[in-house]
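A.B. asks: Quick one: the structure is below, and I'll ask about it shortly.
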Ligand code: ARG
Ligand code: ZN
């Protein structure tokens with residue numbers, strides 16, 4: 051989705067200008083033979099797209115040479131047989147002259163691939179699907195790829211980050227996970243640097259609900275099967291996609307002209323979970339007052355009960371919560387955390403996983419702000435408690451480079467939030483809240499890095515902050531107590 055930037059780092063050394071005809075497809079363009087000159091003096095070298103984007107922590111995630119603008123994922127899933135079948139269509143633009151390109155797809159069997167309507171060759175190697183279009187794809191041109199596939203979906207198991215992706219439940223399924231999940235149920239450029247809009251059409255046996263991201267765009271039943279259509283029209287990182295299939299208590303409403311759609315598993319008696327996610331819009335309204343306008347077209351939450359998922363995830367516009375969060379009663383702090391991610395993580399997305407503190411530190415800080423707003427302890431006292439009480443492990447682990455094994459560690463969350471508070475103390479409240487609002491406004495629907503956050507904070511506060519961020523993000527011992535600069 052972030053075309054200009056990706057074209058510039060496309061790696062061909064060839065700066066492509068002109069219309070990036072995203073809506074169109076390259077079949078209208080004279081097909082260029084592989085490794086031949088398509089016009090005098092401009093010899094094109096069609097080369098395979100890279101099998102990864104080169105993320106510092108997960109180099110094989112995503113792929114090089116193209117940028118997806120829109121996915122249409124149409125799948126049918128039968129919980130009785132655990133079989134999924136469907137087609138995914140993606141509209142993309144080449145960012146390099148491509149002889150082949152890769153998609154990430156874990157398990158499942160590819161039946162056919164077309165590119166711009168013409169059959170394309172395809173091969174698999176592990177979780178990489180390589181597509182060879184009938185003719186090379188020219189940098190800057192749009193193309194449409196359609197992949198038909200089926201099989202029994204399997205989740206991905208990562209030693210450091212846990213299980214991600216499609217899980218079969220008793221009477222349904224849950225597709226969820228960070229840093230990866232999507233490739234277990236559709237072919238995808240699976241890295242947050244390539245955000246796209248999504249249409250989902252999920253067909254399940256009548257009587258089951260299929261909840262996904264964004265706006266409910268229709269549901270209809272034919273021959274014992276119900277198709278649930280969801281549309282997420284704002285750019286979304288692939289790990290923020292979800293589908294949850296099963297029996298749910300649904301609540302539909304409207305808030306500020308946007309649809310609200312909540313779903314709570316019927317395995318839970320009505321109670322604290324329902325009450326907590328019902329607070330979603332109130333929490334969102336508060337966060338809007340500190341972070342700027344709510345970034346998406348819909349609101350909602352999904353509560354699941356499955357022993358394999360013990361976290362909540364900020365799936366775009368509709369976070370998914372493990373029922374465990376509500377076992378002891380209402381819990382709006384977790385709602386504040388997942389909603390804060392709609393700004394920090396979802397609208398303003400990571401460019402590389404190493405910067406995860408930008409998501410988790412700010413979302414954890416949002417919990418502290420919400421607690422204070424809600425009449426609980428002040429953010430200052432939340433800071434003080436962690437500053438005094440955090441373990442040696444937290445001080446040894448730098449949240450700015452936590453390593454893959456500590457991606458979701460206490461340091462990233464708590465020391466990340468302490469970093470945010472240290473910034474606030476250093477620059478004062480006025481500049482601090484200006485920084486947060488400017489960040490969400492300037493990087494809306496985009497990707498961003500820690501370096502850019504620091505630069506913005508310095509610009510707005512007119513203070514030099516490198517020492518502060520260095521100590522808090524990169525130091526391996528407890529930084530000095532923050533003071534106004
Ligand atoms: N980002 C999620 C949150 O809001 C947590 C995801 C945990 N993922 C994991 N693989 N452990 O806190
Ligand atoms: Zn989080």
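In the working numbering, the protein residues as written are 51 to 535.
We put the beta carbon where it would ideally sit given N, CA and C, even for glycine.
From a predicted model like this one, the values you see are computed outputs, not experimental measurements.
Since residue 127 is in the beta strand (DSSP E), which residue starts that stretch and which ends it?
C.D. replies: Run containing residue 127: 116-128, per the beta strand (DSSP E) assignment.
A.B. asks: By DSSP, does residue 297 sit in helix, in strand, or in coil?
C.D. replies: Here residue 297 sits in coil by DSSP.
A.B. asks: Considering only the alpha carbon of each residue, which of 187, 222 and 462 lies closest to residue 94?
C.D. replies: It is 187.
A.B. asks: Within 10 Å of its beta-carbon, does residue 335 have 16 or more other beta-carbons around it, so buried, or fewer, so exposed?
C.D. replies: With fewer than 16 other Cβ atoms within 10 Å, it is exposed.
A.B. asks: Comparing alpha-carbon positions, which option in 386, 222, 527 and 518 lies nearest residue 441?
C.D. replies: Considering only alpha carbons, the answer is 527.
A.B. asks: Report all residues from its chain with a CB closer than 7 Å to the CB of residue 159; omit the five preceding and five following residues, and keep chain order.
C.D. replies: Correct list, in chain order: 199, 200 and 201.
A.B. asks: Confirm the yes/no value for this check: CB of residue 467, any heavy atom of the ligand ZN, distance under 7 Å.
C.D. replies: No, the beta carbon of residue 467 sits no closer than 7 Å to any heavy atom of the ligand ZN.
A.B. asks: Any contact of the segment 384-391 with the segment 470-490, i.e. 3+ C-beta pairs under 8 Å?
C.D. replies: The segment 384-391, when compared against the segment 470-490, does not touch it at the 8 Å Cβ threshold.
A.B. asks: Looking at residue 314: is its Cβ nearer than 8 Å to the Cβ of residue 299?
C.D. replies: Cβ distance < 8 Å, so residue 314 and residue 299 count as in contact.
A.B. asks: For residue 361 and residue 328, I'd like the C-alpha separation in whole angstroms.
C.D. replies: Cα-Cα distance, rounded: 19 Å.
A.B. asks: For the alpha helix (DSSP H) containing residue 409, name the first residue and the last one.
C.D. replies: Here the alpha helix (DSSP H) through residue 409 covers 407-423.
A.B. asks: Go through its chain and collect everything with a Cβ distance to residue 281's Cβ below 6 Å, but skip five positions before and after it.
C.D. replies: Here the set comprises 249, 264, 265 and 267.
A.B. asks: Using the beta-carbon count (16 or more within 10 Å), is residue 514 buried or exposed?
C.D. replies: Looking at its Cβ environment, which holds fewer than 16 other Cβ atoms inside 10 Å, residue 514 is exposed.
A.B. asks: Quick check: the Cα distance between residue 532 and residue 340, rounded to an integer number of angstroms?
C.D. replies: If I take the Cα positions, the gap works out to 22 Å.
A.B. asks: Counting along the chain, where does the beta strand (DSSP E) carrying residue 172 start and finish?
C.D. replies: It spans 171-175 - the beta strand (DSSP E) in which residue 172 sits, taken as one unbroken run.
A.B. asks: In terms of alpha-carbon separation, which member of 347, 497 and 373 lies closest to residue 366?
C.D. replies: With distances taken between Cα atoms, residue 366 lies closest to 347.
A.B. asks: Within the chosen definition, does the segment 203-217 reach the segment 238-254 through at least 3 CB pairs nearer than 8 Å?
C.D. replies: The segment 203-217, when compared against the segment 238-254, does not touch it at the 8 Å Cβ threshold.
A.B. asks: Beta carbon of residue 189, beta carbon of residue 144: below 8 Å?
C.D. replies: Going by C-beta atoms, residue 189 is nearer than 8 Å to residue 144.
A.B. asks: Using a threshold of 7 Å, is the CB atom of residue 137 nearer than that to any non-hydrogen atom of the ligand ARG?
C.D. replies: No, the Cβ of residue 137 stays beyond 7 Å of every heavy atom of the ligand ARG.
A.B. asks: Work out the CA separation of residue 108 and residue 163 for me, nearest whole Å.
C.D. replies: Straight-line Cα distance between these residues: approximately 27 Å.
A.B. asks: Between 127, 495, 297 and 152, which lies nearest to residue 97 when the distance is taken from Cα to Cα?
C.D. replies: Closest option to residue 97, Cα to Cα, is 152.
A.B. asks: Report the rounded CA-to-CA distance for residue 451 versus residue 444, giving the unit in angstroms.
C.D. replies: For residue 451 and residue 444, the distance between alpha carbons rounds to 12 Å.
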